[in-house]
Each structure stands twice: as structure tokens, then as C-alpha cells.
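Here is the structure we will look at, set down as C-alpha cells.
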Amino acid sequence: MTTTETARVRTAQPSAAAPRLEETRRRRRRHRPEPFTVASYVGVVAFGLICLIPFWMVVAGSLTDESVLSQSGYSFWPDPFSLDAYTTIFAGSRVWLSYGATIFITIVGTAIAVTATSGIAWVIARGLPWLSKPLAVFAYIPMLFTGGLVPMYILITQVLQLRNSWFAVILPLVVAPFLVFVQVSFFRGTPQEILDAARIDGAGELRIFFQIVLPLSKPVIAVIALFYAVTFWNEWFHALLFISEPAKYPLQLVLQNLITSVANAADLGTVSAAPVYQMRLAMTVITIGPILLAYPFAQRYFVKGLTLGATKG
Amino acid sequence: MAQLINGAALSRTVSRRSFLAGTGGILAAATLAACAPGSGGSSGSAGAKTYRLLLPGDVPAQWDRISAAVNSKLKADLGFEFNPEFINWKNYASQSLLKFTAREDFQTALSARWLNIAQLIESGALQPLDDALESDKYPNLKASVDQSAFDANRWPDGSIYGIPAVNSAARIHHIVARGDLIDKHAPGGIETFDQLEKFWYDVVQKEGIPGYVKSNSVFDVLGAPTGTLYAQGWESPDFLPLYFSSDSLMFVPSRQAAATGSTDAVPFWEYEPYLESLHRIRKYYEDGIINADRLNADPATIKAQFDGGGAATCWGITDGLDTSGHLDQLEKAVPGATLVSLLPFRDGLAAKPNQTFQADNLVVVNAAAADAEAALQLLDWVSIQENHDLLQYGEEGTDWKAVGDDAYEPVGEYTNFPGYALSWRIPLERKFSRMSESEASWFEWSKDYENFTLDPFASFIPDLTEIEKEHAQITAAIAEFGNPLWAGAVDVAEGLDKLKKAVDRAGLAKVQEELNKQADAYLASQ
Numbered sequence: 001m002t003t004t005e006t007a008r009v010r011t012a013q014p015s016a017a018a019p020r021l022e023e024t025r026r027r028r029r030r031h032r033p034e035p036f037t038v039a040s041y042v043g044v045v046a047f048g049l050i051c052l053i054p055f056w057m058v059v060a061g062s063l064t065d066e067s068v069l070s071q072s073g074y075s076f077w078p079d080p081f082s083l084d085a086y087t088t089i090f091a092g093s094r095v096w097l098s099y100g101a102t103i104f105i106t107i108v109g110t111a112i113a114v115t116a117t118s119g120i121a122w123v124i125a126r127g128l129p130w131l132s133k134p135l136a137v138f139a140y141i142p143m144l145f146t147g148g149l150v151p152m153y154i155l156i157t158q159v160l161q162l163r164n165s166w167f168a169v170i171l172p173l174v175v176a177p178f179l180v181f182v183q184v185s186f187f188r189g190t191p192q193e194i195l196d197a198a199r200i201d202g203a204g205e206l207r208i209f210f211q212i213v214l215p216l217s218k219p220v221i222a223v224i225a226l227f228y229a230v231t232f233w234n235e236w237f238h239a240l241l242f243i244s245e246p247a248k249y250p251l252q253l254v255l256q257n258l259i260t261s262v263a264n265a266a267d268l269g270t271v272s273a274a275p276v277y278q279m280r281l282a283m284t285v286i287t288i289g290p291i292l293l294a295y296p297f298a299q300r301y302f303v304k305g306l307t308l309g310a311t312k313g
Numbered sequence: 314m315a316q317l318i319n320g321a322a323l324s325r326t327v328s329r330r331s332f333l334a335g336t337g338g339i340l341a342a343a344t345l346a347a348c349a350p351g352s353g354g355s356s357g358s359a360g361a362k363t364y365r366l367l368l369p370g371d372v373p374a375q376w377d378r379i380s381a382a383v384n385s386k387l388k389a390d391l392g393f394e395f396n397p398e399f400i401n402w403k404n405y406a407s408q409s410l411l412k413f414t415a416r417e418d419f420q421t422a423l424s425a426r427w428l429n430i431a432q433l434i435e436s437g438a439l440q441p442l443d444d445a446l447e448s449d450k451y452p453n454l455k456a457s458v459d460q461s462a463f464d465a466n467r468w469p470d471g472s473i474y475g476i477p478a479v480n481s482a483a484r485i486h487h488i489v490a491r492g493d494l495i496d497k498h499a500p501g502g503i504e505t506f507d508q509l510e511k512f513w514y515d516v517v518q519k520e521g522i523p524g525y526v527k528s529n530s531v532f533d534v535l536g537a538p539t540g541t542l543y544a545q546g547w548e549s550p551d552f553l554p555l556y557f558s559s560d561s562l563m564f565v566p567s568r569q570a571a572a573t574g575s576t577d578a579v580p581f582w583e584y585e586p587y588l589e590s591l592h593r594i595r596k597y598y599e600d601g602i603i604n605a606d607r608l609n610a611d612p613a614t615i616k617a618q619f620d621g622g623g624a625a626t627c628w629g630i631t632d633g634l635d636t637s638g639h640l641d642q643l644e645k646a647v648p649g650a651t652l653v654s655l656l657p658f659r660d661g662l663a664a665k666p667n668q669t670f671q672a673d674n675l676v677v678v679n680a681a682a683a684d685a686e687a688a689l690q691l692l693d694w695v696s697i698q699e700n701h702d703l704l705q706y707g708e709e710g711t712d713w714k715a716v717g718d719d720a721y722e723p724v725g726e727y728t729n730f731p732g733y734a735l736s737w738r739i740p741l742e743r744k745f746s747r748m749s750e751s752e753a754s755w756f757e758w759s760k761d762y763e764n765f766t767l768d769p770f771a772s773f774i775p776d777l778t779e780i781e782k783e784h785a786q787i788t789a790a791i792a793e794f795g796n797p798l799w800a801g802a803v804d805v806a807e808g809l810d811k812l813k814k815a816v817d818r819a820g821l822a823k824v825q826e827e828l829n830k831q832a833d834a835y836l837a838s839q
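What follows is the structure, encoded as C-alpha cells:
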């Protein structure tokens, strides 16, 4: 029986195989990638590697022993492997304090900046007589001119008395004109019918803003929040100008000091003979690591927010 | 979209305005209170006045402990405390200028011609010190700084604007070399520049490391009067170039200027030894004798490279820090390594290089300081051996112990106080106990004014007023075309041609004429 069945199947195969083969070919053709797609993938992967390799070299360098690093330069693999730099950096309290400073500046700064930017952008986007246009001009002028370093320095240190306060780092960056106009463009795309419906339902202007406009604007808020967060995270110049107490230095200023001077390495940890090359690279890893993690969380809003903000209005 | 809108919430009658305003206000007040500025101003512990100073460099390790000890003594002696603000070297020039411009209240700062003292004096930001120095109020300061040092640092208007903070009469640029490599490749020692050059080539070929590493500097190539790579300077260190600023164009005055009264300064490329030096650097660059990244290497990286055993020699200056600055780290990287200070003068210790005796570091008093007299009291206070030692070396027993009468051995972590911006005084400085024999010998030599020849243009400080625009353009041209030449990174003929064209366009003729006019006037006044 088995033999007969097998034979039947075997004899039936040639006639059924032809269309199946054709189908398979068609399917293969359908799934065969276009040459352009292949080229795109190759290009994107190559570009990705070009971006990743320097980053990897930094990571590898931070894990390579100082003696090899200073004599032979960077290598692709950490050999001999060494955690000296990380041990030295985390041995002292400086990096932890700096993390605290940077996190405070980033979180509080971003919260204030998003609030201020959204508020200004909404008022500009409303097109209110006597208010929106002057405010738009007010927001636009700093894109063209600034008061200059000396007036800002005098304002912060002598008028506001914010020397050695983290708010001296936050306040100068609280409103970025470019981001105001990105958000204005987005707000102008809010359907008027929804706003009118809310008014008919008895909502006041503040409620409309908080409960209708802002929930509808999550993509653009995520984008500007990310821009602000990266700006505040990377900020060192205002800290250099206004913060002179080492215990209040943000992370980026510590890194900048470390890059410019060997002696700062001794100040980070507890040893005087710190591995300088290795520590610079390790500090770079420590400094950029956390903010890199912010991108995946904002990614789902990112493209949408940018595109909407860029094309409407 | 509709799901994003909470319909139920819309019908609520709760006003958020006051809630938001209240919460925001409380939050802002709390955070502002939490981050309020510290007491960097004028009141210190127990009501004592606290004065700010600007210091370049980094906060020394263990600084909190030492500053507390210094302040405790300072308060007991003078009734006030100090609170130095350390500014990284890279940012020091711009940051200090900004603070002077904003008329900020601080007492003293470091300045010099190579920083921005000319600008500060011109704008009245500095306090003239003549009256104070003529009085009898600051005896320790006057006793520890040689009168000739004050005289050499008078501004053309006749006033003294800064206290020279130096620990030697003249700072001679030279070479710090690995003694262990000299023993291996030049066992007979190195006394001449030719021997030094041969050593470099041997090291490159046999050890596979660069002979000499340094970040880019014109003075390495066009000596003033010595430059590490400038062979002629070690033969006859008998003249100094003239310039409006050290980052601008160098001019070579006539050797007979003092006798004839005519400066006849010409651009550096018309002086054959300088030209030869440029070709030499180019050759070193191509042969791997010098580091190829001179153009953009920063001093910290270079130091780490040398200290890690990655080079045979590096740059040094006769301020007594050759050994203490490198030996500990070098020994960790290369067990058994030693250091030698090389000044390959043809005449050895009998050489008498030309010098202006203008200090590299001047402690200036801010005209906007709340209490200028307190600033001078502090400068006098740090001129007392005990106070100087506390600030410079830390607490005796904990941070250092005395070795003999004039040396110290560090035993703690306190190090790197920038004494050159406050407390360096030749008679008070202690030598590092492990200072190499060669360094000790040259350091002692450099402290004696008699070992140097006073340059005919010693106190000549050219005035930029008439040629500010041309000077700025020439400086830009030097940055673009001169720096690659000093690094050996471009062909000399080609690079020089571009430089000449650029400075010609920038107004070389006018600048040269102005320099000669001012220098002639200076010579006539001597």
C-alpha cells in the first residue's frame, strides 16, 4: 500500500510541479529586492558604521590600558583591558555631584523651556490683535541679534545675582526662537472647529490650551522637549561663565576641564597619577551615554513632530 | 484625535488657573532657594570679609583643606579671608577679560603681555602700584621681589601695574629628556645641538617613538633667544625678535641697533638662521622626529604622551618644574626612567643669553576691587616664608616635609597650586627634593640676573593704537599660514610664499614702519 501510494505520488509529481515551480519563481521574483533597495541598505549600513565606529573607538579606548593608549594610540579592541579610568572617575564624588547638577539643569530647564515656549507659541499662533505680532517680533529678534556677552554677564551676575546658581545656566536658554516658530506652525494646524466646540461647551482659554491644544500637540512637544533636553544636557559655556564652585559644575564642564587639562584628572578621583587619555574617553562615554537613551523614547513622536512643524503654516 | 480630548474634564468647573499659578510659584521659589548663589561675595565665616581672586588652572587636589588652613591664618593675621576662583587655562584669557570688562569685584588676577595686560591698562582696569610700593606698608613683598624685576616690568607710561610672580630671573626654553634613553643612545651625554639631533634620530629609529613632542609654538622654531628646535639659538643666544604680540609677525632688529639708534627691523624670513630653522622643522616633521599633530595637539595631551613614555624629549622652561612635573608619572609608566634638563648652549653655563627680564606672570590688582589695599596686604602676606609654604606646598608634615634648607619632599596629595599667579617669589621657592642634578644646576643658574645680558629692547613695549586693523589681519594670516610652518606641516617655500602674500595684503609695510618708528624712539630715549 505504502509502495503504491508512494508511486502514485511520485508519478503525480511532474504534472503538479510545473505550476508550483512557476508560483515559487513568481514569489521569489516578487520578494527579490530591488537593486536600489540593496544599494540603499548597503549605503545606510555603511553610513551607520561610519557613525558608530568613532563612538566604538571612544568606548574601546576608555577600556584600554593607559600605557598602551599613550604609546600606540587608539585600537579597535581594548587590549589590555582596563577599568582604571572608570574606577578613578567614580572613586571621587565629583562625577556624582556633576550628574546631579546636569540632571537638575536638564529636567528643570526642559520643563521651564517647554512651558515658556508652548505659552509664547500659542499666543503667537492665536493671532490676537495687539499681542501676537509684537510677541512674534519679540521672539524673532534674538534669532538675528543678541545683546552680547558682556551685557548678559552683567545681567546674570550683577542684576539677577545668579552667580553659582544653576538657574544662571537655565535661564539664558529658556526660549529658543527657532523652536517657538516650529511650535507656532504646529499650533496653527489645530482645527478651529475643535476649539469652537470647546468654547460652546463652556471651556475657557486656559482649559482649551491645557486640555485640547496640548494633548493634540504631543508630537511637537516631544520634539522641542528633546531639543531642549539635549541643549541643556550639553550645556557648558554658561556654566563656565557663571558657576565657579566646583561642587556645582555640570558634567559637561567637568569634561571640558578634563579635556583641557591633565591636572583636573587628579581632582576627579583620589589619585594624582590618573590615566589621562583613558579618562578623557571614559568621561566622554559617561557624559553622552544618558542623553543617547532619550532618543528611543522620543523617536515615535520625532519624525511626525518635525514634519508637521516644518510644513504647516 | 477625539480620544485625546477628555470630554468629562471639559464639563468640570474646577479652575486650574490658581492651582497652576500657586504650584508654579511654590516650585520656582523652592528651586530658586535651593540653588541660591553661594557666599562668593564679600562675607566669609564669622563675619570676616572674603575677597575673590582669579587664578588660572585647576582646583588643586585637597584644596578645601588647604584653603581652610590658609583662611584661618589669614583671618588671624589680617582679618579677612580669600576665595580664589580657578579658571581653566584654556578659558583664562577670555574669562578674566570678561570679568574685568564687567567691572566685577575681585582683588587680583594673573596678567602679562602674552595675555591681555595692554588692553587692561589702556581701559583703566588695573590699579597702578607705584605709590603702594614706594610706601613702607608692604615690606615682605618688597624684600622678596628684586627691584630690577620691578624696573624691568614698568609700563611705557612709567607705572608698575603688576607684581612679577616668577621664581627665576629668566625663563629659558629648553628640553626635558629621558635620562635612561640618553644613557642608552648617547652614553657620552648631550652637550651640543648636533648631539641632541643625533639622539632624536637614534630614538626614532631604535625605539619607534618621536624624538620631541610639543604643541605648536613659534618660539620653538624662531627662538627668543633659545628655542628647542632653533639650533642657532644654542650657538649664539644674543638677540630677541620684536613683535606687537606673540601671536603676530616676528621682526628681526639690526644687531647694531643699540649703537646706531636705528632698529631696521625686518620680517623674520629675511633672517637666514630663522629660515634654516623652518627647513629643519620641516625635515623633522617628515622624518617623524617631532609629533605630527603639533598643529592641534594640546599641552595636556603632549604631557600625557611624554609621561606615558611615548616620547624621548619634551619642552621645558627654567622654573624648577621639569622633574616635579613629570617624574612621578613617568616612573609609573617606565620603571627606572630618569629625567635630564638639556640646555645645549655652546658655552654651557658660561652662556649669557639676552633677556628682557619682563615677567611671564604679573599679579595685577583690579581697579574695581572693593578694597585694593587688602589685595596688596595679601600679596605682602604670601611673601612671608611660612605663609608662602602653606599656600604653595600645603601643611608641613601632612603634605610636605623640608629637606635641607631649601628643598621639600611632597608626602601628600596637595599639588599644583598656581603660585605663578600669586605667590612665586625667587627667595622663597623650595626645590623639589628629587630634582635632577642637571635641572638643579640650570635652575640655580637661571635665578641669577648676572648670568644674562640685558637686551637693548628690554623694556620696549610697542603700542598697537596706530595699526590695530593691520595687526589684526596679520595675526589672522599668521594663524592661517604661519602656524603650519611652525609645525613643519607644509613645504617651506610654498608656505612662506602664501604667508608673505597674506601679510603684504594685510599691511605689512605700515606695521613694519610703525614698529621701526616706535623702536627707534625707544632707543633714543635710553
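Just so you know, the protein sequences line up as chains A and B, in that order.
Just so we're aligned: 289 in this note's numbering is position 289 of the first sequence, and the numbers increase by one with no gaps anywhere.
Just so we're aligned: 659 in this note's numbering is position 346 of the second sequence, and the numbers increase by one with no gaps anywhere.
Using N, Cα and C, we set each Cβ at its ideal position, and we do this for glycine too.
Quantities reported herein were computed from a predicted structural model and do not represent experimental measurements.
- request: For residue 153 of chain A, decide whether its Cβ has a neighbour in chain B, counting only Cβ atoms nearer than 9 Å.
  value: yes
message: Counting C-beta neighbours from all protein chains within 10 Å, is the total for residue 143 of chain A 16 or more, i.e. buried, or is it exposed?
response: exposed
message: Could you check whether the stretch 245–258 of chain A touches the stretch 95–104 of chain A, counting it as contact only if at least three pairs of C-beta atoms, one from each stretch, sit closer than 8 Å?
response: yes
field: According to DSSP, residues forming a beta bridge with residue 422 of chain B
entry: B:677
message: Does residue 107 of chain A come out as helix, strand or coil in the three-state DSSP assignment?
response: helix
- request: Given a cut-off of 9 Å, decide if residue 693 of chain B and residue 364 of chain B are closer than it, judged by their beta-carbon atoms.
  value: no
query: To the nearest angstrom, how far is it from the Cα of residue 99 of chain A to the Cα of residue 767 of chain B?
result: 54 Å
field: Cβ-based burial, residue 573 of chain B [other Cβ within 10 Å; buried from 16]
entry: exposed
query: Roughly how many angstroms separate the alpha carbons of residue 550 of chain B and residue 465 of chain B, rounded to a whole number?
result: 20 Å
message: residue 283 of chain A and residue 53 of chain A - do their beta-carbons sit closer together than 9 Å?
response: no
query: Once you ignore the five residues that flank residue 247 of chain A on each side, which residues in its own chain have a CB closer than 7 Å to its CB?
result: 97
message: Is there a C-beta anywhere in chain B that falls below 9 Å from the one on residue 250 of chain A?
response: no
query: Of all the residues that make up the stretch 370–381 of chain B, which are near chain A by a beta-carbon distance shorter than 9 Å?
result: 370, 371, 372, 373, 374 and 376
- request: Return the first residue and the last residue of the alpha helix (DSSP H) that residue 510 of chain B is part of.
  value: 506–520
- prompt: Going by DSSP, which residues form a beta bridge with residue 653 of chain B?
  reply: B:490
- prompt: Would the beta-carbon of residue 368 of chain B fall within 9 Å of that of residue 398 of chain B?
  reply: yes
query: In angstroms, rounded to a whole number, what distance separates the CA positions of residue 372 of chain B and residue 244 of chain A?
result: 10 Å
message: On the CB-based measure, 16 or more other CB atoms within 10 Å of its CB, does residue 442 of chain B come out buried or exposed?
response: buried
task: Have a look at residue 314 of chain A and residue 204 of chain A and give me their C-alpha separation to the nearest angstrom.
output: The requested residue 314 of chain A is not part of the displayed model; chain A covers only 1 to 313.
- request: Answer with buried or exposed for residue 831 of chain B, where buried requires no fewer than 16 other C-beta atoms within 10 angstroms of its C-beta.
  value: buried
- prompt: How is the beta strand (DSSP E) around residue 475 of chain B delimited, first residue to last?
  reply: 475–477
Proximal residues of chain A, C-beta to C-beta of residue 626 of chain B below 7 Å: None at all; the shortest Cβ gap to chain A is about 15 Å.
message: With a threshold of 9 Å between beta carbons, is residue 515 of chain B in contact with chain A?
response: no
task: Quick one: give me the first and last residue of the alpha helix (DSSP H) that residue 716 of chain B is part of.
output: Taken as a continuous stretch (DSSP letters only), residue 716 of chain B belongs to no alpha helix (DSSP H), being part of the beta strand (DSSP E) at 713–716.
query: Is residue 275 of chain B helix, strand or coil when you go by DSSP?
result: Because chain B in this structure spans residues 314 to 839, residue 275 of chain B falls outside the shown range and cannot be described.
- prompt: Would a C-beta distance cut-off of 9 Å place residue 415 of chain B and residue 150 of chain A closer than the cut-off?
  reply: yes
field: Local Cβ density within 10 Å of residue 649 of chain B, reported as buried at 16 or more and exposed below that
entry: exposed
Contact residues within the stretch 638–660 of chain B, judged by C-beta distance below 8 Å to chain A: 641, 642, 645 and 646
- request: Count the C-beta pairs between the stretch 126–136 of chain A and the stretch 376–395 of chain B that are closer than 8 Å, then say yes if the count reaches three, no if not.
  value: no
query: From the DSSP output, which residues share a beta bridge with residue 365 of chain B?
result: B:396
- prompt: Would you call the stretch 499–519 of chain B and the stretch 703–714 of chain B in contact, with 3 or more CB pairs under 8 Å?
  reply: no
- prompt: Mind checking whether residue 276 of chain A and residue 224 of chain A have CB atoms under 9 Å apart?
  reply: no
- prompt: Is the Cβ of residue 492 of chain B closer than 9 Å to any Cβ of chain A?
  reply: no
- request: Give me the Cα-Cα distance between residue 34 of chain A and residue 49 of chain A, rounded to the nearest whole angstrom.
  value: 23 Å
message: 9 Å is my cut-off, CB to CB: does residue 399 of chain B come that close to chain A?
response: yes
- prompt: Rounded to a whole number of angstroms, what is the C-alpha to C-alpha distance between residue 459 of chain B and residue 423 of chain B?
  reply: 19 Å
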